[in-house]
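**Student:** Top to bottom, those sequences are chains A and B. If you read the first sequence in our numbering, its first letter stands for residue 1, the second for the next number, and so on. If you read the second sequence in our numbering, its first letter stands for residue 1, the second for the next number, and so on. Even for Gly, the Cβ is constructed at its ideal location relative to N, Cα and C. This is the structure I have questions about; it appears just below.
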Amino acid sequence: MRPFLYDRADDLATARQAGTNEAMAFMAGGTTLLDLMKLDVMRPLRVVDINGLAPAHGRIEITSTGLYLGALVRMSDAADHQAIRRDYPVIAQSLALAASAQIRNMATLGGNVLQRTRCNYFRDPTWPACNKRQPGSGCAALEGVNRTHAVLGVSDHCIATYPGDFAQALIALDAVVEIASGEGERRLPFAALHRVPGDTPEIETILQPGELITGFYIAAAPWLRRSLYLKIRDRQSYEFALASAAVALDLEASPEGQRIRQSRIALGGVAAKPWRATAAEAALQGKIMSEDVAMAAGAAAFAEARPRSENAFKVELGQRTLARALMQAAEMEV
Amino acid sequence: MNYPSRFTPSPSEASASPDTPGLSRRRMLIGGASAAAVPWITTPAHAEAPPSPVQRHVDAPVSIELTVNGQDHRLSIDARTTLLDALREHLGLTGSKKGCDQGQCGACTLHVGGRRVLSCLVLAASVREPVTTVEGLSGPEGSLHPMQQAFIDQDAFQCGYCTPGQIMSAIACVREGHAGSDGEIREYMSGNLCRCAAYPHILAAVNQAKTQIKEG
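Put into structure tokens, the structure is as follows:
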């Protein structure tokens, strides 16, 4: 690990002041940052420890209008929260199925959504070609070992998969992300936070240097309780998704069956960023829930898929994962 | 201490980071006098409160205080030092093991503020709560913690390298209320790898000890 200056910011004003240079990194749980610093992938000159913000920005608040999650909430605290498990199941499940118990005790929600890809060419600097790590150097995964890589949102410059789970749950519940910057504060739909790689895969979010996520807000909505996270992976536990689906459904009973008033769908393990599947949502709109309808939604979600040599299986796996998630959500008793 | 060479870039590597061409880490200073040289790491100067003239070198040690197993320690360490290295290399507490050093194997698991964490992915300088390691489990007369005894009774290890991490994780697993069933124990112990594959015996040990350990 390369040397760096270590500082603490125990309040937002100090963090904001610290935040205006690109060679600085905020550190909360540190589970991504320190890992990638040891691998010599991330090389900050200054590390600003923001764990002291937890008293002000690490709260879980549930009101009649919705759920607020401070950015410094630890993954395990949200995953184990009784009211979140009951009323926002997709949130609790996406967190409980991620990482290990130790990492969930460390990692914060703000840092979680900013975790970096697990692409081995990105994580290993002995590979010269990685546009995300070294812009303009190429992409070794295009013709390399790419079984775990993305099929949606990819470009000819990067096919790295967004590795997280919680971000998809936030998208499925129309969450808003709250961001502090030197100028003040801004809020935007969480689905707008991440960028597709295009020809600048090194730029992963719309965050400007020094901006800091301070929290997430989920407004009350009819689909919150009928929501779930289905994660398919090589191992049963402590593994990243090959394909995952976060779904939320608003159903109404009709003589023919359960009619889908509205749905929200986000996919993981298959895309370059947390992927809202709007085509699948459109395919479900107004339909009577059935396996055929669920599979049609899966097909719509992957219509634009661009598989490579080793990851074509993710198209069918992703479709079936989404279809099963939709069927399971429809069967939930809420 | 002397770091193994892989932790310390060679002088040529250290003098020019790819992120900041031409900037030397070794020469990077922070503070009023160096503001012109490294404007991006200084805070704006206020007329009424000029910045402190104190300069810091990136290689300068940081002073930290650690409470480990009830004992207070003051250390002057390299900012890069993980909690695991501080314990093993500076305090002589080698119970916590270094397996992967990448947060993947769980051998370094210990408790900070009563919660299990991976000490290889924690900067020692960032620790703000008391630390408990496997050395801190036994009673005043040297009596074993129920989980330690259960690991012996159930033959829950072969080579033993992962065992301190397994024991620290298992105690937390029970206290968290995640030891309700075999399936739940397996899920909530999945962050601790055992290359000897003593998993069935570890499961038996957790089941044995869980009635003697309080939740919460």
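Just list the residues that DSSP pairs TRP275/A with in beta bridges.
**Tutor:** Working through the first sequence from its first residue, we reach residue 275/A at position 275. In the DSSP output, where bridge partners are listed per residue, TRP275/A has LEU267/A.
**Student:** Just by C-beta distance, which residues in the region 136-148 of chain A are closer than 8 Å to chain B?
**Tutor:** For the region 136-148 of chain A, no residue has a beta-carbon sitting nearer than 8 Å to a beta-carbon of chain B.
**Student:** VAL68/B: which of LYS97/B, GLY103/B, VAL62/B, GLY136/B sits nearest, CA to CA?
**Tutor:** The count along the second sequence starts at 1 and reaches residue 68/B at position 68. When each option's Cα is compared against that of VAL68/B, the closest is GLY136/B.
**Student:** Could you pull the DSSP bridge partners for SER244/A from this structure?
**Tutor:** Within the first sequence, numbered from 1, the residue matching residue 244/A stands at position 244. SER244/A pairs with LYS231/A, GLY268/A.
**Student:** Going along the region 228-249 of chain A in order, which residues come within less than 7 Å of chain B, judged by CB to CB distance?
**Tutor:** SER237, TYR238
**Student:** Does the Cβ-Cβ distance between ILE167/B and ALA125/B come in under 8 Å?
**Tutor:** Taking the second sequence and counting its residues from 1, one reaches residue 167/B at position 167. Taking the second sequence and counting its residues from 1, one reaches residue 125/B at position 125. No; because the gap between Cβ atoms is not below 8 Å, this pair is not in contact.
**Student:** Straight-line CA distance for THR133/B to SER96/B?
**Tutor:** Position 133 of the second sequence, counted from the first residue, corresponds to residue 133/B. Position 96 of the second sequence, counted from the first residue, corresponds to residue 96/B. Each residue's Cα considered, the two are about 7 Å apart.
**Student:** Could you tell me which chain A residues have their CB closer than 7 Å to the CB of GLN166/B, listed as they occur along the chain?
**Tutor:** Residue 166/B sits at position 166 when you count from the first residue of the second sequence. Under the 7 Å cutoff, chain A gives no residues; its nearest Cβ is about 12 Å from GLN166/B.
**Student:** Whole angstroms are fine: how far does the CA of ALA23/A sit from the CA of PRO21/B?
**Tutor:** Residue 21/B sits at position 21 when you count from the first residue of the second sequence. Residue 23/A sits at position 23 when you count from the first residue of the first sequence. Per-residue confidence for PRO21/B stands at a pLDDT of 43, beneath the threshold of 50, marking its modelled position as unreliable; the derived number appears in the next sentence. Answer to the nearest angstrom: the Cα atoms are 12 Å apart.
**Student:** In this structure, does DSSP put ALA150/B in helix, strand or coil?
**Tutor:** As a first step, residue 150/B must be located in the second sequence, where it is residue number 150. Reduced to three states, the DSSP call for ALA150/B is helix.
**Student:** Any chance you could list the alpha helix (DSSP H) runs of at least 4 consecutive residues sitting entirely within the region 37-72 of chain A, in chain order?
**Tutor:** 54-57, all fully within the region 37-72 of chain A.
**Student:** In whole angstroms, what is the alpha-carbon distance linking ALA233/A and PRO140/B?
**Tutor:** As a position in the first sequence, residue 233/A is number 233, starting the count at 1. As a position in the second sequence, residue 140/B is number 140, starting the count at 1. Reading off the sequence, residue 233/A comes out as Arg, not Ala. The straight-line gap from Cα to Cα measures roughly 45 Å.
**Student:** Counting contacts by CB-CB distance shorter than 8 Å, is ASP59/B in contact with chain A?
**Tutor:** Locating residue 59/B in the second sequence gives position 59, where the first residue counts as 1. Interface residue, yes.
**Student:** Within 10 Å of its beta-carbon, does CYS119/A have 16 or more other beta-carbons around it, so buried, or fewer, so exposed?
**Tutor:** Here residue 119/A is taken as the residue at index 119 of the first sequence, counted from 1. With 16 or more other Cβ atoms within 10 Å, it is buried.
**Student:** Which residue comes first and which comes last in the alpha helix (DSSP H) that contains SER63/B?
**Tutor:** Taking the second sequence and counting its residues from 1, one reaches residue 63/B at position 63. Element bounds for SER63/B: not the alpha helix (DSSP H) but the beta strand (DSSP E), 62-68.
**Student:** Roughly how many whole angstroms lie between the Cα atoms of ALA101/A and ALA92/A?
**Tutor:** Against the first sequence, residue 101/A aligns to sequence position 101. Against the first sequence, residue 92/A aligns to sequence position 92. The alpha-carbon atoms of ALA101/A and ALA92/A are separated by roughly 14 Å.
**Student:** Kindly indicate which three-state DSSP category TYR188/B falls into: helix, strand or coil?
**Tutor:** The sequence position of residue 188/B within the second sequence is 188, counting from 1. In this structure, TYR188/B counts as helix in the three-state DSSP scheme.
**Student:** Below 8 Å between beta carbons is the criterion; list the residues of the region 98-110 of chain B that meet it against any residue of chain A, in chain order.
**Tutor:** So the list reads ASP101, GLN102, GLY103, GLY106, THR109, given in the order they occur along the chain.
**Student:** Whole-angstrom Cβ separation of GLY58/A and VAL73/A, contact assumed at under 8 Å?
**Tutor:** In the first sequence, residue 58/A corresponds to position 58, counting from 1. In the first sequence, residue 73/A corresponds to position 73, counting from 1. About 5 Å separates the two Cβ atoms, so the contact holds.
**Student:** Touch check for the region 285-299 of chain A and the region 244-264 of chain A: three-plus C-beta pairs under 8 Å?
**Tutor:** yes
**Student:** What number of angstroms, rounded off, separates the C-alpha of ARG104/A from the C-alpha of PHE313/A?
**Tutor:** The residue labelled residue 104/A in the question sits at position 104 within the first sequence. The residue labelled residue 313/A in the question sits at position 313 within the first sequence. Rounded to the nearest angstrom, the two C-alpha atoms are 30 Å apart.
**Student:** Grab the span of the beta strand (DSSP E) containing TYR217/A for me, first residue to last.
**Tutor:** Stepping through the first sequence from its first residue, residue 217/A is reached at position 217. Run containing TYR217/A: 212-219, per the beta strand (DSSP E) assignment.
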